[in-house]
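Positions 0 to 373 (numbering that gives the first Met the number 0) are the ones given, in order, by the sequence shown.
Built from N, CA and C at the ideal position, the CB exists for glycine as well.
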Amino acid sequence: MRKAFKYRIYLTNGQRRIFEQQLEECRWVYNQTLALWRESYSNGVKCGLYDTQAFLPIWKGDRPSMKLVHSQVLQNVQVRVNLAFQAFFRRVKEGAEEVGYLRFKGFGHYDSITYPQYGNGVGLRGNDLVANRIGRVRVVWHRPIEGTPKTVTFSRSRTRKWYVSFSCETEAHPLPVLTTMAGVDMGLTTFATVSTGPEWVSEVQNPRFFRRDEADLKRVQKAKDAAKNRQHWDENNRRKKALAHIHERIAARRGDFAHKLSRALVDSLQVIVFEELEPHEMGKGKGRGMRKSLADAAWSQFISLTIGKAEDAGRTVILVDPSNTTKLCSQCDELVPKSLSERVHSCPHCGLVLGRDHNAAINILKRGLNHLRR
């Protein structure tokens, strides 16, 4: 299996300058490749990855600064454009409402470079990371790398922090087999309701990281807008950086919470059942406050992390149809309509009284068990 290992790196001023020059060269190649695709399809000519890569030697002849970047890194830029167009055409074919046509990237908006072949342009020498034209890079090794590195990606965050990520082929680390299984109902009032049946339920409260820092965001945004209106560019840029730091802090807290909770579920359960949710679809037609709350909950991130940890641990994660899991009575299977404000499931048919989310978690578990029996 593939596993990613991400580390903070600290660059000298010279190394940072070279990396930023490389990012700009990659941005230029990205935009040129995108222009080729657009021109080809507007003329009714099919364009492919190998067609665009044939232009790299020509561009290098006209733009000597491209030689600052490793050849495989430049090829990877065109691979990204190719994959993005494939995803675009797939969305068009599926009839998606928002197909997301590719756009050109402006100055400073290309933030990562990938060496697709470890050992070719970048590699480890003992505890040192050595990159092409960069030299030795200082890495904070907060945990050891496992397995065999395959690709290496250097990335720059919005707050100008630098990271390196290794994609490695590793062996799974299966945990002892358990007999426990549970359904997990995701929500906004309660982030997750975990139940193994009518007798047992555990609730994880919604930390609402964005909402907790929303006042700070509004204060800094207001100051930034005032500086922009007064054309105080230095102050405006400082406020931009402050906003980026707040958003980074929110994302870090949310990620830490999702990692810890997903690890706890994988360690204690053999089978975990979730609803197959689409938060973006759920937010359509809703008010701005509801859309903010859905984005703040980040259910997709949490479920994705749980799936990755479960694969490594030899656990099973099942995604089931979410329709009517809240309305269906988990005891008699009769539909009991409810408004969003009703937090208790009270069945008039069989007399079952449970928490709304507890009832939904049991239904989710039942659907997962039916999936396993097939």
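If you look at G99, you'll find it isn't in any alpha helix (DSSP H); DSSP assigns it neither H nor E.
Residues D110, W161 of the same chain have their beta carbon placed closer than 6 Å to that of R155, with the five preceding and five following residues left out of the count.
The closest CA to that of R62, considering only R238, S70, E24, is found on E24. Looking at the DSSP output, E202 sits in a beta bridge with T192. A distance below 8 Å between beta-carbons, with the five flanking residues on each side excluded, links D212 to the following residues of its chain, in chain order: I245, R248, I249. Each residue's CA atom was taken as its position, placing F256 and S299 some 13 Å apart. Within 10 angstroms of the beta-carbon of I271 lie 16 or more other beta-carbons, which makes it buried.
When DSSP assignments are scanned along the region 14-98, the uninterrupted stretches of alpha helix (DSSP H) that are 4 or more residues long and fall wholly within it turn out to be 48-52, 55-61, 70-93.
Per DSSP, the unbroken alpha helix (DSSP H) holding V219 starts and ends at 208-228. When secondary structure is reduced to three states using DSSP, W161 falls in the strand class.
Around the beta-carbon of I57, fewer than 16 other beta-carbon atoms lie within 10 Å, marking it exposed.
Considering only T315, K326, L293, C328, the residue with the shortest C-alpha distance to H370 is T315. Beta-carbon to beta-carbon, H344 and L334 are separated by about 11 Å, too far to satisfy the 8 Å threshold. Counting C-beta atoms within 10 angstroms of its own C-beta, D332 has fewer than 16 neighbours from the protein chains shown and is therefore classed as exposed. Here the alpha carbon of C167 sits roughly 15 Å from the alpha carbon of N119. In this structure, N205 places its C-beta atom within 8 Å of the C-beta atom of A296.
Along the region 111-187, the beta strand (DSSP E) occurs as fully enclosed runs of 3 or more residues at 111-114, 121-124, 127-130, 134-138, 147-155, 161-168, 180-185, listed in sequence order. Rounded to whole angstroms, the gap between the alpha carbons of A83 and L364 is 36 Å.
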